[in-house]
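Peer 1: First residue of the sequence shown? That's 1 in my numbering, and the numbers climb one at a time after it. Even glycine gets a Cβ: it sits at the ideal position worked out from N, Cα and C. Below: one structure in structure tokens.
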Amino acid sequence: MPPAPLTVTQLTAQIKGVVEESFPDVWVSGEVSNFARPASGHCYFTLKDEHAQIRAVMWRGASSRLKFDLADGLEITCHGRLDLYAPRGSYQLVIDEAQPQGVGALELALRQLKEKLAAEGLFDADRKRPLPPFPKRVGFVTSPTGAAIHDFLQVARRRYSGVHVLVIPTRVQGEGAAAEIADAIKLAGRVRPALDVLVVGRGGGS
């Protein structure tokens, strides 16, 4: 007597369990194709190489954190998990992080960010404020222990001894640094009397 057959639902559920338990945390590299981003903000595309392809999705929350724009033909390395959609019996890669590949990856991200900010009008001439010829109150957002602060203060004292420099300490590299720098800039905007100039800097030639 043969064993009782599984229903399609039961078989798919077992496959789903095996797939998702085996690939909960995976890095994959490939080329983006068939890219689509509907009004929902979610990103749908195919990740492929010479011999295979896999469907991929990046939900709106994850895609909003990208520092570059996904597009067909772009080579990326991404992190995510494998998910099986039972009603269709198909699997896809659910991506939570991605970065462009290649030597020009950083240049690409910076160029796309610049284009995005320019499209928002943030570089328009009417947004720019003239710099005072002799600022008296200067804010400096930087690491309190880095080389930048010592060099900055030394040059400021040598060239213009009457300037008052207010150091606003923050991390300038590593995870979480971007958010801390943004908070420090907001804090500088609340300083009274108001600062004439705000400088954000770090050492190491950056």
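Taking the straight line between their C-alpha atoms, what separation do you get for residue 203 and residue 140?
Peer 2: For the purposes of this step, residue 203 is taken as the residue at position 203 of the sequence shown. For the purposes of this step, residue 140 is taken as the residue at position 140 of the sequence shown. Each residue's Cα considered, the two are about 13 Å apart.
Peer 1: Of the choices 8, 58 and 67, whose alpha-carbon is the least far from that of residue 87?
Peer 2: Taking the first residue of the sequence shown as 1, we reach residue 87 at position 87. Considering only alpha carbons, the answer is 8.
Peer 1: Less than 8 Å between the CB atoms is what I'm expecting for residue 55 and residue 92, so what's the real figure, rounded?
Peer 2: As a first step, residue 55 is located in the sequence shown; it is residue number 55 there, counting from the start. As a first step, residue 92 is located in the sequence shown; it is residue number 92 there, counting from the start. Correct: roughly 4 Å between the Cβ atoms.
Peer 1: What is the rounded straight-line gap between the Cα of residue 15 and the Cα of residue 3?
Peer 2: Along the sequence shown, one-based indexing puts residue 15 at 15. Along the sequence shown, one-based indexing puts residue 3 at 3. Cα to Cα, residue 15 sits roughly 19 Å from residue 3.
Peer 1: Would you kindly report the start and end of the unbroken beta strand (DSSP E) that includes residue 35?
Peer 2: On the sequence shown, position 35 is the one that residue 35 refers to. That run of the beta strand (DSSP E) goes 26-36.
Peer 1: Does the Cβ-Cβ distance between residue 142 and residue 189 come in under 8 Å?
Peer 2: If you number the sequence shown from 1, residue 142 lands on position 142. If you number the sequence shown from 1, residue 189 lands on position 189. No, the Cβ-Cβ distance between residue 142 and residue 189 is not below 8 Å.
Peer 1: From what residue to what residue does the beta strand (DSSP E) around residue 158 run?
Peer 2: Here residue 158 refers to the residue found at position 158 of the sequence shown. Here residue 158 belongs to no beta strand (DSSP E); instead the alpha helix (DSSP H) covers 147-159.
Peer 1: Decide yes or no for the touch test of the region 22-32 against the region 67-80: beta carbon pairs closer than 8 Å, at least 3 of them.
Peer 2: They touch, by the three-pair rule.
Peer 1: Could you name the residues of the same chain whose beta carbon sits closer than 6 Å to that of residue 134, not counting the 5 residues immediately before and after it, in chain order?
Peer 2: For the purposes of this step, residue 134 is taken as the residue at position 134 of the sequence shown. Around residue 134: no qualifying Cβ.
Peer 1: Residue 195: buried (16+ other C-beta within 10 angstroms of its C-beta) or exposed?
Peer 2: Sequence index remark: in the sequence shown, residue 195 carries index 195 (1-based). Buried, because 16 or more other Cβ atoms sit within 10 Å of the Cβ of residue 195.
Peer 1: Inspect the CB distances between the region 94-113 and the region 56-68 and report whether three or more fall short of 8 Å.
Peer 2: These segments touch.
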